[in-house]
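Below, the structure written as structure tokens:
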């Protein structure tokens, strides 16, 4: 498959990347991990201004009606800057679960941040402490939920919450919502891997050992090259899966799963480089 972003998608990615570059995201993450989510809410307000929160919401509900490819463009950038909060849950999963619900307009405008638990695959809801809406999706239905006990994760800014149903359940397309969530997570992983590779390359160019920059050593070059290759292989799989999801391909589940596996492996390799 030959695939390339169009001019509008490239411009959107560039503007989002530039805005996040000015936003002191590392400081926001540190504050969020320390329990101060105020700066994080401010960052999410910026995402709303840029249209990120409206991408998956249909036009008739006040959104942009964008497709999975546009969501991947945004998620890759958000992953590159490690934007905290329930990104996949709020910008991709919740709009699918709440299709036709008036609250989609609030998701689109950024007034509402949502998080989702989808057992058994996702038994706990991330970042429920900051979410305006907590959803529990299971057995082909979705319902509002209340957060319970919290649990630490490997990411200090991403606490996981047990949830209990707190409202009437309504039918929802859980399979499609799950594929959106997996796809957006894969895109975030590619973005995070790109950021880690860039930091490793910068470090290898400046760190000296035995009178030489470490980037001149063959072993370091090969390690960084392996990361680059892994990311370059994962990225088209993610975009290919986005196209499959947009076209309702019968291979969507396979393609999304393959993309997530490749993106996970590439990001882990980047983290260990």
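Numbering (the working numbering), first residue to last: 417 to 689.
Glycine included, every Cβ here is placed at the ideal spot set by N, Cα and C.
According to DSSP, is residue 612 part of a helix, a strand, or is it coil? helix
Around the Cβ of residue 637, are there at least 16 other Cβ atoms within 10 angstroms (buried) or fewer (exposed)? exposed
Candidates 515, 493, 593 and 633: which alpha carbon is nearest residue 473's? The shortest C-alpha separation from residue 473 is found at 515.
As a quick exercise: from 563, 569 and 592, pick the residue whose alpha carbon is nearest that of residue 581. 563
Residue(s) in a DSSP beta bridge with residue 538: Looking at the DSSP output, residue 538 sits in a beta bridge with 534.
Exposure of residue 477, with buried meaning 16 or more beta-carbon neighbours within 10 Å: buried
Would you kindly check if the distance between the Cβ of residue 669 and the Cβ of residue 560 is under 9 Å? Against a cut-off of 9 Å, the Cβ pair of residue 669 and residue 560 comes out as no contact.
Would you give the residue range spanned by the alpha helix (DSSP H) that residue 655 belongs to? 634-662
Nearest to residue 501 (by Cα), restricted to the options 631, 573 and 461: Selected option, being the one with the closest Cα: 573.
Indicate whether residue 439 and residue 603 have their beta-carbon atoms separated by less than 9 Å. no
Hey, is the segment 522-533 in contact with the segment 421-438, meaning 3+ C-beta pairs nearer than 8 Å? no
If you draw a straight line from the alpha carbon of residue 578 to that of residue 681, how long is it in whole angstroms? When the Cα atoms are used, residue 578 and residue 681 turn out to be separated by approximately 28 Å.
So if DSSP puts residue 560 in a beta bridge, which residue, or which two residues, is it bridged to? 551
Is it buried or exposed for residue 536, if we count other Cβ within 10 angstroms and need 16 for buried? Residue 536 should be labelled exposed.
Got a sec, what are the start and stop residues for the alpha helix (DSSP H) residue 666 sits in? Element bounds for residue 666: n/a, residue is neither H nor E.
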